[in-house]
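Using full-length UniProt numbering, the first residue of the sequence shown is number 1, and each one after it goes up by one. Using N, Cα and C, we set each Cβ at its ideal position, and we do this for glycine too. Computed from a prediction, not measured in an experiment: that's the story for all the values here. Only one structure is covered here, and it is reproduced in the block below.
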Amino acid sequence: MGVELIQYVRTSSVRTDLIIALCPADKPTDELLSALDASESAIYDALSNLEGRGLVTSMDDGWRLTGTGRLVADTIHRQELLEDLIAVDTRYWEHHDTSVLPEPFRLRLPEIDDYTVVRGTQTDINRPVREVVTRVESVPRCDVVSPVYHPEYEAAMPDTPDSRLLLSHAVIDEMRNSETVSVDVDRYTETEIRVTAVPYALAVAEDWMILTLPEIDGDWPSAKIVSETDAAISWANDLFARLWTDATPIETYLDAL
1 MGVELIQYVR TSSVRTDLII ALCPADKPTD ELLSALDASE SAIYDALSNL EGRGLVTSMD
61 DGWRLTGTGR LVADTIHRQE LLEDLIAVDT RYWEHHDTSV LPEPFRLRLP EIDDYTVVRG
121 TQTDINRPVR EVVTRVESVP RCDVVSPVYH PEYEAAMPDT PDSRLLLSHA VIDEMRNSET
181 VSVDVDRYTE TEIRVTAVPY ALAVAEDWMI LTLPEIDGDW PSAKIVSETD AAISWANDLF
241 ARLWTDATPI ETYLDAL
């Protein structure tokens with residue numbers, strides 16, 4: 001599907017509204033005329049142009065999307081969801097690196113449809129850390145991805161059979177090479193630990209998810225995305241499952257060093 005076809009539709013509010021209106025189901029012409037905020041002549045002209053582009057087709061009693069029209073409608077819907085996602089906190093998305101996420105999950109980011117960005121302030125610089133610790137301490141189980149070592153997170157992590165902890169290679173290497181930091185593997189008697197290369201943080205429980213992306217300049221940020229929607233939690237669970245499947249058990253990783 002050519003990009004110019006999508007652009008053609010989106011450069012006209014009437015064409016866009018028609019495509020979206022026909023996306024759920026075919027509609028009679030009179031229903032389209034009453035549903036759209038445009039003149040009859042503008043609607044008829046847009047329908048004719050869309051039909052000429054192979055996006056809609058006329059029926060005896062109305063209009064329907066073609067297969068191409070359906071794909072365009074789906075793309076426009078995803079674009080609108082992405083615009084809504086960014087609009088919640090434009091500053092966050094401008095300054096954080098989304099390229100570190102696997103492409104399939106980058107494309108699914110609009111599923112985080114209702115979220116809050118938790119930032120530190122001059123009077124409460126530790127607010128993001130406290131947000132994570134409070135949530136993790138309050139649940140019987142959770143899955144956590146940790147690309148950097150943080151003793152407060154380690155202390156808060158529940159030790160239960162249903163919890164899983166995924167550490168980055170960098171965390172293990174830092175602990176091995178530091179005289180002041182050491183991984184307390186014995187602390188976790190039930191939580192399974194694996195190791196992988198990962199440049200972002202993630203925590204997900206039954207009722208919430210927290211995502212931490214690095215800043216564009218490479219610095220590790222304090223700002224965190226927090227969401228409690230089912231769609232966001234599902235997105236986070238799927239991302240964790242992908243990382244977990246490809247990760248190495250910590251015992252195997254340490255034995256190989």
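Pairwise C-alpha distance: residue 18 and residue 51: 11 Å
Quick one: Cα of residue 94 to Cα of residue 144, how far? 25 Å
Excluding the 5 residues flanking residue 167 on each side, which residues of the same chain have their C-beta closer than 6 Å to its C-beta? 146 and 195
Given residue 120, which residues of its chain have a CB within under 7 Å of its CB, disregarding the five upstream and five downstream residues? 126, 127, 128 and 222
With respect to the beta strand (DSSP E) encompassing residue 250, which residues constitute its N-terminal and C-terminal limits? Note, residue 250: premise wrong, no beta strand (DSSP E); alpha helix (DSSP H) at 250-256.
Inside the region 196-248 only - beta strand (DSSP E) runs reaching at least 3 residues: 201-204, 209-212 and 224-227
Do we get a CB-CB distance below 8 Å when we pair residue 155 with the residues of chain D? Here chain D cannot be found, since the structure has a single protein chain.
For a quick check, are the C-beta atoms of residue 225 and residue 117 less than 8 Å apart? yes
Here's a check: name, in chain order, each residue in its chain whose Cβ is nearer than 7 Å to the Cβ of residue 207, leaving out the five neighbours to either side. 228
Alpha-carbon spacing of residue 215 relative to residue 231, whole angstroms: 25 Å
Tell me whether residue 181 is buried or exposed, calling it buried when 16 or more other Cβ atoms sit within 10 Å of its Cβ. Low per-residue confidence applies at residue 181: pLDDT is 48, beneath 50, and the placement is therefore not dependable enough to give any value.
Would you say residue 203 and residue 88 are within 8 Å of each other, going by their C-beta atoms? no
Quick one: Cα of residue 103 to Cα of residue 7, how far? 23 Å
Assuming the contact rule is C-beta atoms closer than 8 Å, residue 191 and residue 163 should be a hit. Round their C-beta distance to whole Å, please. 4 Å
Would you grab the beta carbon distance between residue 161 and residue 140 for me? Rounded to a whole angstrom, and I think it's under 8 Å. Not confirmed; about 10 Å, so no contact.
Would you kindly work out how many angstroms separate the C-alpha atoms of residue 42 and residue 137, rounded to a whole number? 58 Å
Mind checking which residues open and close the alpha helix (DSSP H) that includes residue 143? Premise fails: residue 143 lies in the beta strand (DSSP E), 143-146, not in any alpha helix (DSSP H).
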